[in-house]
Ligand SMILES: Nc1nc2c(c(=O)[nH]1)N[C@H]1C(S)=C(S)[C@@H](COP(=O)(O)O)O[C@H]1N2
Ligand SMILES: [Mo]
């Protein structure tokens with residue numbers, strides 16, 4: 001029996017302001033999925049403000065305790081999708097693998113397509129945040145982030161980086177790909193933190 005992680009919803013109808021429901025995930029990314037991903041060569045790097053950086057293989061990832069998360073997905077372009085089911089490992093597993101510098105303020109998530117996104121540390125290490133390798137019981141399709149993606153249900157989904165290659169711990173919160181182009185540094189859909197002004 002897989003451990004279940006529960007999402008946190010803030011409204012009875014679960015729909016953040018300015019959003020509408022759609023019935024499937026709409027594929028959105030800067031460059032399409034990276035080609036030729038070979039799980040034997042795949043590496044996940046944990047680096048930055050840590051005592052000793054760590055590089056995980058795909059087998060190392062599968063050894064981490066599996067969890068399941070059913071969560072709503074909110075895109076800043078105003079669509080939301082209900083009850084998306086992901087499986088993977090909880091972010092707290094990372095704390096067991098590296099010793100994180102106590103004055104870390106944020107993480108930068110790095111992806112194989114060159115995408116990055118920054119997340120304040122308290123939003124990253126939260127109970128409903130996971131790295132997922134399955135979507136509705138199957139390996140994540142290429143377009144949706146194969147082989148591994150982050151899921152942060154409480155933030156707009158540009159923070160849920162696809163095709164992740166690593167996680168960098170930072171002493172200060174610095175902007176990632178979209179954040180450098182005007183998207184909000186935090187991106188809470190319940191507060192409509194769409195853009196920085
Ligand atoms: N690596 C990477 N991750 C990414 C993106 C991207 O361009 N590259 N786009 C983000 C955006 S803007 C959204 S809305 C979601 C879309 O996820 P989906 O394609 O699975 O629906 O992925 C996010 N993660
Ligand atoms: Mo998005």
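Numbering (full-length UniProt numbering), first residue to last: 1 to 197. Where is the CB? At the ideal position from N, CA and C, for every residue including glycine.
Next item on the list: Could you pull the start and end residues of the alpha helix (DSSP H) that residue 95 belongs to?
Entry: By 1-based counting over the chain shown, the position of residue 95 is 95. 92-97 is the extent of the alpha helix (DSSP H) around residue 95.
Item checked: Residue closest to residue 136, alpha-carbon to alpha-carbon, out of 83, 172, 17 -> For the purposes of this step, residue 136 is taken as residue 136 along the chain shown, with counting starting at 1. Per the Cα distances, 83.
Note to self: Am I right that residue 86 and residue 134 are in contact with their C-beta atoms under 8 Å? What's the rounded C-beta distance?
What the structure shows: The residue given as residue 86 occupies position 86 in the chain shown. The residue given as residue 134 occupies position 134 in the chain shown. The Cβ separation is near 7 Å, so the contact holds.
Item checked: residue 122, enclosing alpha helix (DSSP H) - first and last residue -> Stepping through the chain shown from its first residue, residue 122 is reached at position 122. Annotation: the continuous alpha helix (DSSP H) that includes residue 122 extends over 121-124.
Margin query: Between the segment 165-184 and the segment 58-68, can you find at least three pairs of beta-carbon atoms closer than 8 Å?
Written below: The segment 58-68 and the segment 165-184 do not touch, with fewer than 3 CB-CB distances between them shorter than 8 Å.
Check: Do residue 121 and residue 69 have their C-beta atoms closer together than 9 Å?
Finding: Walking along the chain shown from the start, residue 121 turns up at place 121. Walking along the chain shown from the start, residue 69 turns up at place 69. The answer is no: Cβ separation not under 9 Å.
Margin query: For residue 77, list the residues DSSP reports as bridge partners.
Written below: Looking up residue 77 in the chain shown gives position 77. Residue 77 pairs with nothing; no bridge assigned.
Margin query: Quick check on the burial criterion: 16 or more other C-beta atoms within 10 angstroms. Buried or exposed for residue 144?
Written below: For the purposes of this step, residue 144 is taken as the residue at position 144 of the chain shown. Residue 144 comes out buried.
Note to self: Alpha carbons only, please: which of 188, 119, 156, 147 is nearest the one belonging to residue 170?
What the structure shows: Position 170 of the chain shown, counted from the first residue, corresponds to residue 170. Checked all of 188, 119, 156, 147; the closest Cα to residue 170 is 119.
Notebook entry, point to check: Ends of the beta strand (DSSP E) at residue 100?
Noted result: Counting from 1 along the chain shown, the entry for residue 100 is found at position 100. Where residue 100 is concerned, there is no enclosing beta strand (DSSP E), given that its DSSP letter is neither H nor E.
Item checked: Own chain partners of residue 54 with C-beta closer than 7 Å, once the 5 adjacent residues on each side are dropped -> Your numbering for residue 54 matches position 54 in the chain shown. Taken in chain order, the residues that qualify are 46, 97, 98.
Notebook entry, point to check: Taking DSSP as the reference, what is the three-state secondary structure of residue 132?
Noted result: Here residue 132 corresponds to residue number 132 of the chain shown, with the count starting at 1. In the structure shown, residue 132 sits in a strand (DSSP, three-state: E or B).
Notebook entry, point to check: So, is residue 80 buried or exposed, given that buried needs 16 or more other C-beta atoms within 10 angstroms?
Noted result: The sequence position of residue 80 within the chain shown is 80, counting from 1. Classified as buried, residue 80 has 16 or more neighbouring CB atoms from the shown chains inside 10 Å of its CB.
Item checked: For review: beta carbons within less than 5 Å of any heavy atom in ligand 1 -> Listed by chain position, these are 25, 27, 28, 29, 30, 75, 111, 113, 115, 144, 157, 158, 161, 162, 163.
Item checked: residue 191 - DSSP class collapsed to helix/strand/coil -> Within the chain shown, residue 191 is the residue found at index 191, counting from 1. Helix.
Next item on the list: Report, in whole angstroms, the separation of the C-beta atoms of residue 177 and residue 34, which I expect to be a contact under 8 Å.
Entry: Your numbering for residue 177 matches position 177 in the chain shown. Your numbering for residue 34 matches position 34 in the chain shown. Not quite, the Cβ-Cβ distance comes to about 15 Å (not below 8 Å), so this is no contact.
Notebook entry, point to check: Is the beta carbon of residue 117 within less than 8 Å of some heavy atom of ligand 2?
Noted result: For this step, residue 117 is matched to residue 117 along the chain shown. Residue 117 Cβ: outside cutoff for every heavy atom of ligand 2.
Margin query: Please state the DSSP three-state secondary structure of residue 19.
Written below: As a working note, residue 19 is residue 19 in the chain shown. Three-state result, residue 19: coil.
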